[in-house]
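*Asks:* Heads up, the sequence shown is in the UniProt record's numbering, so the first residue is 1 and it goes up one at a time. The beta carbon of each residue, even a glycine, is placed where N, CA and C say it ideally should be. Just passing along the structure, written as structure tokens.
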Amino acid sequence: MISLDSLTDTAVPENIRLGRDLNVDKPLGEHAVLSRIREISEKNEIWRSYIGMGYHNCRVPHAILRNIFENPGWTTQYTPYQPEVAQGRLESLLNYQTLVTDLTGLPVANASLLDEGTAAAEAMALAYRQNKRRKVYLSDKLHPQTLAVVQTRAIPLGLEVLIGDVFDIDFSNRDACAVLIQYPDTEGTVKDFTQVVENAQTNGTMVVCATDLLALAILRPPGELGVDIAVGTSQRLGVPLGYGGPHAGFFSCKSPLVRLMPGRMIGVTRDANGKEAYRLALQTREQHIRRDKATSNICTAQALLANMSAMYGVYHGPEGLKNIANRIHNATVVLARGLEDAGHVIENEAYFDTIKVNPTLAVSEIRMRAQQKAINLRYFRDETVGIALDETVEKEDLDDLFWVFNCKHTTAEKVVKNLGDMVLPKEHLSKSPFTRTSEFLTHPTFNTYHSEAQLVRYMKILENKDVSLVHSMIPLGSCTMKLNSTTEMMPCSFPHFTEIHPFVPPEQALGYRLLFEELENDLCEITGYDKISFQPNSGAQGEYAGLRAIMSYLDGRGESHRNVCLIPTSAHGTNPASAQMAGMKVEAVNVDKEGSIDFRHLVAKLEKHRNNLACLMITYPSTNGVFEDNVKVVCEMVHEAGGQVGLCRPGDIGSDVSHLNLHKTFCIPHGGGGPGMGPIGVKLHLEPYLPSHPIVDPMALMQKRARSFGVVSAAPYGSAAILPISWAYVKMMGPKGLRQATQVAILNANYMAKRLEKHYKVLYRGNKGLVAHEFILDMREFKKITGIEATDIAKRLQDYGFHAPTMSWPVAGTLMVEPTESEDKAELDRFCDALISIQCEIRDIEEGRSDPSCNPLNMAPHPIVTVDALRWGQAA
């Protein structure tokens with residue numbers, strides 16, 4: 001028997017071992033961690049925020065909060081690549097797509113993106129791919145963070161960005177790929193864009209409309225204005241503010257654009273028995289085929305939050321959404337009338353929930369009075385003030401706002417009497433050309449589950465159709481489906497984390513600042529980097545941000561000609577797609593028969609591209625599940641050739657920048673396809689080039705040193721509200737626990753590989769005969785002899801109660817297994833036993849004991865209707 005230390009000393013090359021304990025805090029118990037994180041959260045101040053800008057407080061139905069957001073049966077599933085064990089989630093995401101298409105008035109939508117800013121950037125990129133024009137117009141009334149994200153994304157694509165009044169644009173030069181508008185705009189004004197849309201499209205320019213789903217319950221939808229694409233965020237439909245995320249971005253478009261649409265799309269199909277079923281009609285796995293030619297680098301989306309918004313729509317239904325929207329609008333009318341009566345000027349001719357006020361008193365006095373009432377407003381540079389109301393507003397809030405603006409004799413009650421009622425009659429709205437007249441959400445799903453009992457049962461029915469970590473291990477290689485402990489998850493529901501607008505003054509978010517500082521210190525110690533940016537809100541975003549930082553650094557050194565990115569062929573599909581988006585030229589590097597970088601091919605590539613080399617992008621341990629001995633030498637060779645190294649492991653071995661998938665190693669749950677967090681760690685020389693933000697700038701303290709490449713996410717700190725999960729993980733594990741977790745993950749993988757090696761070929765091992773934390777099983781020989789493929793084995797595993805390992809990646813015809821440190825020996829054995837049993841079934845086919853065309857594998861999985869059938873192969 002050997003010790004854990006001996007095993008890992010053999011498995012992990014000596015030249016990359018840390019050789020000491022991590023300098024992180026000693027471990028805390030679960031109750032101590034919760035007490036500490038609660039103290040940190042309460043350093044945040046909960047004010048009433050009427051800032052708007054795409055973020056609004058809302059009332060999250062408690063049934064959805066408890067049964068989805070806080071429920072591991074919904075938070076711990078993987079992306080629904082195996083539809084047979086994901087029918088519940090797929091149905092819910094189809095509901096989300098229906099919610100988006102109905103409200104926007106466009107025929108197709110995807111199953112969520114990351115946020116509004118990146119959705120707008122994806123729309124711009126789609127337009128460019130569609131018509132290849134290199135100019136894009138942005139309305140000066142877009143939300144500032146959307147403007148910043150789109151501008152950042154346009155630069156490496158070589159697009160010229162023009163910002164201004166879209167009503168003054170002359171499209172006749174036919175040189176613009178797209179124009180982006182906001183409806184209602186960032187100042188709250190609702191304008192008729194019909195003529196802009198017609199002029200643009202007549203001249204071949206696509207129209208992208210950023211919009212508000214709740215507003216569209218009573219406003220004419222963008223599809224009826226003729227726009228090509230609608231984007232935005234569904235946050236205000238039942239998702240907490242959370243200091244900026246996680247929230248689901250939405251994307252809908254005209255049917256001819258569906259093949260270019262980024263992200264995933266749920267479709268309806270028929271199963272083997274002819275019954276209606278759901279599947280991914282479009283999915284991001286196309287990255288692994290198209291690589292740098294992929295339509296987008298997005299991998300993680302925001303499925304969990306999309307499901308919350310979908311259920312919000314199901315619970316309230318069309319009439320409920322109209323009532324909520326009307327109530328908000330009417331409250332805004334009450335506020336506007338009261339302010340006007342007191343002499344203030346409302347600059348919006350038409351509005352939904354947001355007004356821009358030109359006040360009669362000094363803005364400094366308004367600020368002071370607002371602070372006394374703990375109210376946040378939006379203050380424009382021209383001394384006007386923005387007020388955006390939301391679902392939570394009551395009469396007392398309106399009275400406080402009147403007081404803030406020194407409306408001495410004005411109360412909401414008095415104004416309401418003049419209007420007739422807080423809920424205005426329909427005739428009031430019918431006078432406006434912007435009033436929605438078309439129906440929406442007519443499907444029975446949105447007109448059935450309006451009581452809590454009905455809703456809870458519906459959510460539970462869907463949950464029970466899926467396999468998640470509450471059922472069994474999910475052994476997905478590269479995706480690290482590990483324990484998401486209850487203690488780690490609890491702070492995500494703390495009010496002092498969830499009820500904070502991302503653009504509040506920094507002094508109101510001191511708890512978040514302390515959380516960021518402590519987590520950054522721990523991650524820097526773990527990775528060997530000097531600085532962390534938390535803005536990227538997915539792994540692919542982290543890749544993109546790291547590569548953009550490298551390009552900006554090289555540009556600052558006068559080496560902007562360096563644009564070649566070397567990427568091993570085993571790399572994740574998002575890597576080449578991210579490099580292409582960052583303006584790089586991708587050059588593939590082969591791997592050898594052991595799964596490591598082909599050293600000779602790398603040397604040849606370095607020599608060929610020495611003068612233009614920007615970086616090498618590798619994963620460590622390698623995507624093939626082995627620790628490469630020569631990784632330090634590889635880093636030195638790249639540096640010698642003038643390039644940087646992007647690496648998915650510590651900076652001590654020569655890497656300059658890494659992205660960290662916190663939704664993998666650091667315990668943020670996958671949520672059925674998101675949320676995720678992909679912060680990047682960098683060495684000191686890259687620190688000035690990290691992401692910035694136009695409203696709350698994470699780089700502000702750097703002052704003159706900051707030379708940021710731009711903005712990657714709509715919120716300054718990405719999906720900040722889920723960072724307490726990773727913070728709690730590190731605090732509870734401590735230095736020895738973190739080390740042991742890694743050791744047990746390596747032990748579990750090697751134990752399983754050893755048990756299975758007599759039945760399946762383990763494709764790659766290190767030079768000591770050991771694997772890293774994951775390993776690849778080669779299934780290709782079975783196809784040659786019996787016709788059985790990796791897909792058949794994956795589906796047969798479902799009959800044993802397991803989600804399959806990663807299938808046919810990074811090598812076609814294989815299964816990639818990662819047990820993680822969370823699973824005990826009994827569960828590892830149960831999975832191994834299932835695979836061994838399946839191998840026996842394959843042998844039965846090979847030796848003639850089982851029919852080659854009608855057997856347990858090629859007919860898997862087997863639902864009850866099949867199992868109960870009178871004859872094999874015939875449904876009951």
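#1: Measuring straight from C-alpha to C-alpha, what distance separates residue 379 and residue 691?
#2: For the alpha helix (DSSP H) containing residue 524, list its first residue and its last residue.
#3: Taking only three categories from DSSP, how would you classify residue 182?
#4: Could you pull out every unbroken alpha helix (DSSP H) segment of at least 4 residues lying fully inside the region 448–492, listed in chain order?
#5: Excluding the 5 residues flanking residue 329 on each side, which residues of the same chain have their C-beta closer than 7 Å to its C-beta?
#6: Just to confirm my understanding: we take residue 592, look at its own chain, exclude 5 residues before and 5 after, and list those with CB closer than 8 Å. What are they?
#7: Check each candidate in 659, 707, 622 and 595 and name the one with the smallest Cα separation from residue 682.
#8: Alpha carbon to alpha carbon, what distance is there between residue 195 and residue 507?
#9: Starting from residue 618, follow the beta strand (DSSP E) in both directions and report where the run begins and ends.
#10: Do you know how far the Cα of residue 864 is from the Cα of residue 19?
#11: Provide the residue span of the alpha helix (DSSP H) that contains residue 659, from first to last.
#12: Quick one: Cα of residue 861 to Cα of residue 867, how far?
#13: Please report the straight-line C-alpha distance between residue 424 and residue 388, rounded to a whole angstrom.
#14: Cutting at 6 Å between CB atoms, please list the residues of its own chain near residue 395, excluding the five before and the five after it.
#15: Since I believe residue 707 is in contact with residue 435 (beta carbons under 8 Å), could you give me their beta-carbon distance rounded to a whole number of angstroms?
#16: Using the C-alpha atoms, what's the distance from residue 837 back to residue 798?
#17: With DSSP as the reference, please indicate the residues paired to residue 778 in a beta bridge.
#18: Starting from residue 277, follow its DSSP beta bridges and name the residues at the other end.
#19: Within 10 Å of its beta-carbon, does residue 104 have 16 or more other beta-carbons around it, so buried, or fewer, so exposed?
#20: Kindly indicate which residue of 399, 582 and 142 has the alpha-carbon position closest to the one of residue 416.
#21: Looking at the secondary structure, which residues open and close the alpha helix (DSSP H) in which residue 495 lies?
#22: Roughly how many angstroms separate the alpha carbons of residue 898 and residue 74, rounded to a whole number?
#23: Can you list, in chain order, the stretches of the alpha helix (DSSP H) that have 4 or more residues and sit fully within the region 122–192?
#24: Distance check for residue 806 and residue 751, CA to CA, integer angstroms please.
#25: Please specify which runs of the beta strand (DSSP E), each continuous and at least 3 residues long, are wholly inside the region 295–334, giving them in chain order.
#26: What's the call for residue 427, buried or exposed, on a 16-neighbour Cβ count within 10 Å?
#27: The alpha helix (DSSP H) that contains residue 635, what's its start and end?
#28: Which of helix, strand or coil does DSSP assign to residue 544?
#29: Just checking, does the region 437–454 make contact with the region 307–325 on the three C-beta pairs under 8 Å criterion?
#30: Who are the near neighbours of residue 214 in its chain, counting only those whose CB is closer than 6 Å to its CB and skipping five residues on each side?
#31: With DSSP as the reference, label residue 880 as helix, strand or coil.
#32: Kindly indicate the opening and closing residues of the beta strand (DSSP E) around residue 233.
#33: Could you check which residue in 191, 502 and 270 has the C-alpha nearest to that of residue 696?
#34: Please name the residue, chosen from 716, 51 and 775, that lies closest to residue 811 on a Cα-to-Cα basis.
#35: With a threshold of 8 Å on Cβ separation, who are the neighbours of residue 762 within its own chain once the five nearest residues in sequence on each side are excluded?
#36: Just to confirm, is the Cβ distance from residue 281 to residue 266 under 8 Å?
*Replies:* Reading off the structure:
#1: Rounded to the nearest angstrom, the gap between the Cα atoms of residue 379 and residue 691 is 24 Å.
#2: First-last of the alpha helix (DSSP H) with residue 524: 510–527.
#3: In the structure shown, residue 182 sits in a strand (DSSP, three-state: E or B).
#4: Restricting attention to alpha helix (DSSP H) runs no shorter than 4 residues, the region 448–492 encloses them at 452–463 and 486–489, ordered along the chain.
#5: So the list reads 218, 352 and 353, once near-sequence residues are dropped.
#6: 598 and 599.
#7: Closest option to residue 682, Cα to Cα, is 659.
#8: Straight-line spacing of the CA atoms in residue 507 and residue 195 works out to 44 Å.
#9: It spans 613–618 - the beta strand (DSSP E) in which residue 618 sits, taken as one unbroken run.
#10: Cα-Cα distance, rounded: 54 Å.
#11: Element bounds for residue 659: not the alpha helix (DSSP H) but the beta strand (DSSP E), 657–659.
#12: Rounded to the nearest whole angstrom, the C-alpha separation of residue 861 and residue 867 is 10 Å.
#13: With a pLDDT of 43 at residue 424, under the threshold of 50, the modelled position of that residue is not reliable, and no figure is offered here.
#14: The residues are 412.
#15: That belief does not hold up - the Cβ atoms of residue 435 and residue 707 are roughly 48 Å apart, past 8 Å.
#16: Their backbone Cα atoms lie some 13 Å apart in a straight line.
#17: BP columns for residue 778 point to 761 and 814.
#18: 269.
#19: Around the beta-carbon of residue 104, 16 or more other beta-carbon atoms lie within 10 Å, marking it buried.
#20: Ranking 399, 582 and 142 by CA distance to the CA of residue 416 puts 399 first.
#21: It spans 495–498 - the alpha helix (DSSP H) in which residue 495 sits, taken as one unbroken run.
#22: Because the chain in this structure spans residues 1 to 876, residue 898 falls outside the shown range and cannot be described.
#23: 144–154, all fully within the region 122–192.
#24: Each residue's CA atom was taken as its position, placing residue 751 and residue 806 some 18 Å apart.
#25: Runs of beta strand (DSSP E) with 3 or more residues, each lying fully within the region 295–334, are absent.
#26: Legend: pLDDT at residue 427 = 42, less than 50; position of this residue unreliable, no value from coordinates given.
#27: 631–640 is the extent of the alpha helix (DSSP H) around residue 635.
#28: Note: residue 544 maps to helix in three-state DSSP.
#29: Yes: at least three Cβ pairs fall under 8 Å.
#30: Cβ-Cβ distances below 6 Å link residue 214 to 236 and 325 in the same chain, with the five nearest sequence neighbours on each side left out; the list follows chain order.
#31: The question about residue 880 has no answer, for the chain in this structure spans 1 to 876.
#32: 229–233 is the extent of the beta strand (DSSP E) around residue 233.
#33: With distances taken between Cα atoms, residue 696 lies closest to 502.
#34: When only C-alpha atoms are compared, the closest one is 775.
#35: Contacts found: 753, 756, 771, 775, 776, 777 and 778.
#36: Cβ atoms of residue 281 and residue 266: closer than 8 Å.
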